[in-house]
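Visitor: As numbered in the working numbering, residues 70 to 162 make up the sequence shown, in order.
Take this structure, written in structure tokens, and hold onto it; I'll ask about it next.
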Amino acid sequence: MAEECNDENCPTHGSLKTRGALVEGTVVSLKAKKTAVIRCDYIQSVPKYERVEKRRGKLHIHVPPCVKIKEGDRIRAMECRKISKTKSHVVVK
């Protein structure tokens, strides 16, 4: 780890507490500073037709400076308190 992490919103080196849902997804975009957009694929049941369908959603997550990710990576994120208007998850792995 060449870079030192002074981020207050880092679950490892800072004081950010994680709780709730653990989501897994693929990194779609890293354009914003300390932010990534991930795509989460899931299966939804359709009871009327007794079938299942694939769906996907997008989440904005916080990326601390000590975590190195790139587009296309599969990552895990944990729910935390709101960091900004759209970010309420942080990268765990």
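Just so you know, even glycine gets a beta-carbon here, dropped at the ideal spot from N, CA and C.
Pick from K103, M147, K151 and S153: whose alpha carbon is nearest that of G94?
Guide: Of K103, M147, K151 and S153, the residue nearest in Cα terms is M147.
Visitor: Going by C-alpha distance, which of S84, K162, P133 and R150 is nearest T104?
Guide: Closest option to T104, Cα to Cα, is P133.
Visitor: Can you tell me where the beta strand (DSSP E) holding A101 begins and where it ends?
Guide: No beta strand (DSSP E) holds A101; DSSP gives it neither H nor E.
Visitor: Give the single residue among I152, R124 and E119 whose Cα lies nearest to the Cα of I130.
Guide: Here the closest residue by C-alpha is I152.
Visitor: Give me, in chain order, the residues of the same chain whose beta-carbon lies closer than 6 Å to that of G83; leave out the 5 immediate sequence neighbours on both sides.
Guide: Excluding residues within five positions, the ones whose Cβ falls inside 6 Å are D76 and E77.
Visitor: Would you tell me roughly how many angstroms separate the C-alpha atoms of T155 and D142, rounded to the nearest one?
Guide: Whole-angstrom Cα-Cα distance: 21 Å.
Visitor: From L99 to V106, what does the alpha carbon distance come to, in whole angstroms?
Guide: Those two C-alpha atoms are separated by around 7 Å.
Visitor: To the nearest angstrom, report how far apart V92 and P80 are at their CA atoms.
Guide: Cα to Cα, V92 sits roughly 15 Å from P80.
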